[in-house]
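Before any comments, here is the structure.
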Amino acid sequence: MKNVKTMPKVVTYVILIIAVLVSLFPFYFMFVSATNTNADILSAAPKLFFGSHAVENYKNLSDRLDLGRVLINSCILTFTYTVLSIFIHSMAGYALAKFEFKGKGIMFGIFMMTMMIPGQVMYVPLFTLMNKIGWANTYQAVILPGLAGAFGIFLMRQNMLSFPKSLIEAARIDGCGEFSIFFKIVMPTMKPALGALAIYMFMSMWNSFMWPLIILGTKSMYNFPVALSMLNGVAWRKDYGVIMLATVFAVLPILMIFLIFQKQFIAGVMGGAVKE
Amino acid sequence: MSQMTNDGGSMVKRRHIVTKKTAPYIFLFPMIVLFAVFMIYPIIHSLLLSFQDFSGGVYTFCGIQNYVTLLQDPIFWKSLKNTFIYLIVQVPVMVVLSLLFGVLVEQAFLKCRAGFRIGIFLPSVTALVAYAIVFKLLFNTDFGLVNHMLQAMGFSGVDWLNTVWGARMAIIIAITWRWTGYNTIIVIAGLKNIPTELYESAEIDGASFWQKFLYITVPMVKSILLFVSITSTIGTLQLFDESFILTGGGPNNATITIGHYLYDTGFTYYKFGYAAALSYALVVIIGILSIIQFKVTKGGEE
Numbered sequence: 001m002k003n004v005k006t007m008p009k010v011v012t013y014v015i016l017i018i019a020v021l022v023s024l025f026p027f028y029f030m031f032v033s034a035t036n037t038n039a040d041i042l043s044a045a046p047k048l049f050f051g052s053h054a055v056e057n058y059k060n061l062s063d064r065l066d067l068g069r070v071l072i073n074s075c076i077l078t079f080t081y082t083v084l085s086i087f088i089h090s091m092a093g094y095a096l097a098k099f100e101f102k103g104k105g106i107m108f109g110i111f112m113m114t115m116m117i118p119g120q121v122m123y124v125p126l127f128t129l130m131n132k133i134g135w136a137n138t139y140q141a142v143i144l145p146g147l148a149g150a151f152g153i154f155l156m157r158q159n160m161l162s163f164p165k166s167l168i169e170a171a172r173i174d175g176c177g178e179f180s181i182f183f184k185i186v187m188p189t190m191k192p193a194l195g196a197l198a199i200y201m202f203m204s205m206w207n208s209f210m211w212p213l214i215i216l217g218t219k220s221m222y223n224f225p226v227a228l229s230m231l232n233g234v235a236w237r238k239d240y241g242v243i244m245l246a247t248v249f250a251v252l253p254i255l256m257i258f259l260i261f262q263k264q265f266i267a268g269v270m271g272g273a274v275k276e
Numbered sequence: 277m278s279q280m281t282n283d284g285g286s287m288v289k290r291r292h293i294v295t296k297k298t299a300p301y302i303f304l305f306p307m308i309v310l311f312a313v314f315m316i317y318p319i320i321h322s323l324l325l326s327f328q329d330f331s332g333g334v335y336t337f338c339g340i341q342n343y344v345t346l347l348q349d350p351i352f353w354k355s356l357k358n359t360f361i362y363l364i365v366q367v368p369v370m371v372v373l374s375l376l377f378g379v380l381v382e383q384a385f386l387k388c389r390a391g392f393r394i395g396i397f398l399p400s401v402t403a404l405v406a407y408a409i410v411f412k413l414l415f416n417t418d419f420g421l422v423n424h425m426l427q428a429m430g431f432s433g434v435d436w437l438n439t440v441w442g443a444r445m446a447i448i449i450a451i452t453w454r455w456t457g458y459n460t461i462i463v464i465a466g467l468k469n470i471p472t473e474l475y476e477s478a479e480i481d482g483a484s485f486w487q488k489f490l491y492i493t494v495p496m497v498k499s500i501l502l503f504v505s506i507t508s509t510i511g512t513l514q515l516f517d518e519s520f521i522l523t524g525g526g527p528n529n530a531t532i533t534i535g536h537y538l539y540d541t542g543f544t545y546y547k548f549g550y551a552a553a554l555s556y557a558l559v560v561i562i563g564i565l566s567i568i569q570f571k572v573t574k575g576g577e578e
C-alpha cells in the first residue's frame, strides 16, 4: 500500500468528501432553517446561514405543541422499552444459547420465523385487542408489542453462544444459584453486547411512528414522530421555520447520543449482521 | 447471624424451584408471555380477520371475498407496482454505493477514517418522520433547494412531488440518503473479515486496484452483500413513513406503498378485514421473495 499513486488517493478523498457533504447537508439545512423565518426559507434565494429567529420560532412552536410533554412521552417510552428489552431479551437469549431443554428447537424456530413477518400484520388485531382491554392510548400499548419482536433474542443468543460454558459450570459447583450466575457473572461480561442491544432498541423506539400513530389518540400522549407529523400535516399557518425547529428537537437527542456512543452504535449495526 | 441463616434458608428453598432444568423456562417466561399475547395471537387473529367483513361494528364471515376484492383493487396493484419500482431501482443503487463507500473508507492510506465513517453513518440515526419532513421541503417545486440548485446549474426545475416520476425519484433519493450509511457499516464489517495476506500476495503479483477489487473484495463480501439486499428488500416492502409524510402517497397514488395503503384501509376507513387480507398479501410476497433469495444465497455459497 506504500506505493499507492496520488491520483487514486485524490479520487478516494473527493468521493468520500462528497458523500459526507451529501450526508450532512440536510442536517445543516435543518439547523439553519430552524433559526430563520418562514419567509426566509420560502424566498427566491433561500437563506443558507444561521438567522436570528430561533427564539421567535421557539415561541411559536410552544404555542402549537406542548414540547415538554412530547419530550417526556418520548423519554418514558424509550427508556422503559430499552430497559425491559435488556432484561427480557438477554434472559431469553441466554436460555436459548446455554441450556438444553425440551422444546428449545421448536421455540427458536418459531422466534426466527416471526422475524420474517412484518409488524403491519399485527396492527389490526393489536388495535382491537388494546381497545378491548382498555389499553388504547397508553404507554404500555406502545411498548409491549415491540418487545415481542425476536430480533433482540437473536442478537443476544448469537453473542451468548461464545460465553464459556466452563465458567457457568464452575459457578454452579461453587453453589451459585441460576439467577446469580446470570445477573452476577453473565450479564457483566456481556456489557458490550448489551450496549449494542440497548442502542438498537433506543433508536427504534425513539423513531417509531406507524404503531404510535395508530394507537395514541390524544395530543398529550404523542411521541416526537407523531407530534411532528401532526405539526407538518396542518396546512393552515404552516411555518417551516417552526417545523424545522421541531425536527431539530426530535433529532438532536439521538444525534448527541450517537456522537457519544458512536463506537457502540456501529458495533451494534455490525453485530446485527453476524451470521450463524 | 440470623440474617445469614435466613438467606441460606431461602437459597435452599429457591434452589428447589430454580434448578438447571427449570431455569431456562423461567428465563424465557416473560418473553413467552409477551410473544404469545402480542405476536402469536395477533398473527393468527389477523389471518382469521382476513376472511371476515367488518361493517357497522359487526364481523361477518365472507370466505375469500377480501382476497378476491384485493386482486381486483387497482390501488393495491398500484401500491405493489410502486413498491417494486422502489425495490428494483433503489436496492441495487444502494448496495453498489455501500460497497464503494465501504471499500474507500477502509483504504489503508486514508486519514480521518472515523470522521468519514461517522459522517456517512449519520443519516441512519434520524427519525424517518423528521428526515421525510426535511426532504419534503428540499424537494419543494417552487422554493425547494434542490430545484434552486438545478436552476443555478442551468437545468430547469422538476415538479418533484406533484408528478409521477418526480415523486417516485424523490422517495428513492430520500431512502438512499437514509439507508446507504447503515449498509456501508455492514459492508465494512464484512471487509474487515478479509485476511490482509490476500491483498499482500496479490500486490506482490502486481495486481491493480480493480483486479484486487474484482477478484478478492467482491467474492469475499458476496454473502454480506446478499444480507444487505435481503434486509433492504424486506425493509422496502414495509415502507410507510416516507410515503405517508413525503408524498402523502400522491400524486394520484403514484407513490403509495403497501404499508401506507394498509394504514388507510385499516385506520382511516376501518375496513379491518380487508386490511388484514392486505397484510397477509404482504406476508406472501415477502415469503416468495425470501425463498428466491434463499435459493440465490445457496447458489452463491457453492
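Sequence order for the protein chains is F and Y. In terms of our numbering, the first sequence has 113 at position 113, counting the first letter as 1, and numbering is strictly consecutive. Residues are numbered in our numbering as their position in the second sequence, beginning at 1, plus a constant of 276. Virtual Cβ for every residue (Gly too), placed ideally from N, Cα, C.
Using the Cα positions of residue i and residue j, report the straight-line distance between them to the nearest angstrom.
i, j, result
"I564 (chain Y)", "T114 (chain F)", "15 Å"
"T128 (chain F)", "S555 (chain Y)", "16 Å"
"S204 (chain F)", "V379 (chain Y)", "28 Å"
"T295 (chain Y)", "G105 (chain F)", "20 Å"
"R69 (chain F)", "G93 (chain F)", "35 Å"
"Q262 (chain F)", "Y458 (chain Y)", "13 Å"
"F163 (chain F)", "A171 (chain F)", "13 Å"
"L194 (chain F)", "A483 (chain Y)", "42 Å"
"I319 (chain Y)", "L538 (chain Y)", "15 Å"
"M130 (chain F)", "N528 (chain Y)", "33 Å"
"L96 (chain F)", "F108 (chain F)", "7 Å"
"Q279 (chain Y)", "I293 (chain Y)", "No answer about Q279 (chain Y) holds up, because its pLDDT of 44 lies below 50 and its placement is not dependable."
"A198 (chain F)", "V497 (chain Y)", "28 Å"
"F111 (chain F)", "F87 (chain F)", "17 Å"
"M116 (chain F)", "A19 (chain F)", "32 Å"
"I181 (chain F)", "I173 (chain F)", "11 Å"
"G283 (chain F)", "M160 (chain F)", "An answer regarding residue 283 (chain F) cannot be provided, because it is not within the stretch 1 to 276 covered by chain F."
"V313 (chain Y)", "E178 (chain F)", "27 Å"
"K2 (chain F)", "Q383 (chain Y)", "Bear in mind that the predicted position of K2 (chain F) carries a pLDDT of just 48, short of 50, making it unreliable; the figure below should be weighed with that in mind. Their backbone Cα atoms lie some 11 Å apart in a straight line."
"F277 (chain F)", "T456 (chain Y)", "Lying outside 1 to 276, the shown extent of chain F, residue 277 (chain F) is not represented and no answer is given."
"A408 (chain Y)", "A39 (chain F)", "21 Å"
"V83 (chain F)", "Q140 (chain F)", "14 Å"
Buried or exposed, going by whether 16 or more other CB atoms sit within 10 Å of the CB of residue i?
i, result
"N282 (chain Y)", "Note that N282 (chain Y) scores 46 on pLDDT, short of 50, meaning its location in the model is unreliable and no value can be drawn from it."
"D239 (chain F)", "buried"
"L167 (chain F)", "exposed"
"I153 (chain F)", "buried"
"P212 (chain F)", "buried"
"T472 (chain Y)", "exposed"
"S220 (chain F)", "exposed"
"D579 (chain Y)", "Not covered by the structure: residue 579 (chain Y). The range shown for chain Y is 277 to 578."
"G103 (chain F)", "exposed"
"K98 (chain F)", "buried"
"Q427 (chain Y)", "exposed"
"P350 (chain Y)", "exposed"
"K412 (chain Y)", "buried"
Tell me the DSSP secondary structure of residue i in three-state form.
i, result
"S499 (chain Y)", "helix"
"T251 (chain Y)", "The question about residue 251 (chain Y) has no answer, for chain Y in this structure spans 277 to 578."
"S43 (chain F)", "coil"
"Q341 (chain Y)", "helix"
"D329 (chain Y)", "strand"
"T402 (chain Y)", "coil"
"Y335 (chain Y)", "strand"
"M190 (chain F)", "coil"
"W135 (chain F)", "coil"
"T544 (chain Y)", "helix"
"E100 (chain F)", "coil"
"M130 (chain F)", "helix"
Check the Cβ of residue i against every Cβ in chain Y and list those closer than 8 Å, keeping chain order.
i, result
"W356 (chain F)", "Because chain F here runs from 1 to 276, residue 356 (chain F) falls outside it and cannot be looked at."
Residues of chain F with CB under 8 Å from residue i, in chain order?
i, result
"A443 (chain Y)", "Near A443 (chain Y) there are no residues of chain F at all, since even the closest Cβ is about 17 Å away, more than 8 Å."
"K296 (chain Y)", "F99, R172 and E178"
"L414 (chain Y)", "P26 and F29"
For residue i, go through chain Y and note every residue whose CB falls closer than 9 Å to its CB, in chain order.
i, result
"S229 (chain F)", "V405, A408, I409, D517, F520 and I521"
"I214 (chain F)", "Y539, G542 and F543"
Cβ closer than 7 Å: which chain F residues qualify as neighbours of residue i?
i, result
"P300 (chain Y)", "A95, F99 and F101"
"G542 (chain Y)", "Y123 and V124"
Compute every distance between the C-beta of residue i and the non-hydrogen atoms of the ligand HEM, then say whether any falls below 6 Å.
i, result
"H89 (chain F)", "Looking at this structure, you won't find the ligand HEM or any other ligand, since it has none at all."
Starting from the beta carbon of residue i, find every residue of chain F whose beta carbon is closer than 9 Å, and list them in chain order.
i, result
"Q427 (chain Y)", "Within 9 Å Cβ-Cβ: nothing; Q427 (chain Y) doesn't reach chain F, min ~10 Å."
"G332 (chain Y)", "Under the 9 Å cutoff, chain F gives no residues; its nearest Cβ is about 15 Å from G332 (chain Y)."
"G457 (chain Y)", "A19 and S23"
Whose Cβ in chain Y lies nearer than 7 Å to the Cβ of residue i?
i, result
"V55 (chain F)", "In chain order: nothing, as chain Y lies at least about 21 Å away."
Worksheet entry | Residue ranges of each alpha helix (DSSP H) within the region 415-484 of chain Y, 4 or longer | Runs of the alpha helix (DSSP H) spanning 4 or more residues and lying entirely within the region 415-484 of chain Y occur at 421-428, 440-468 and 472-480, in chain order.
Discussion item. Report the start-end ranges of each alpha helix (DSSP H) in the region 355-400 of chain Y that is 4 residues or longer and not cut off at the edges.
Written reply: The qualifying runs are 389-397.
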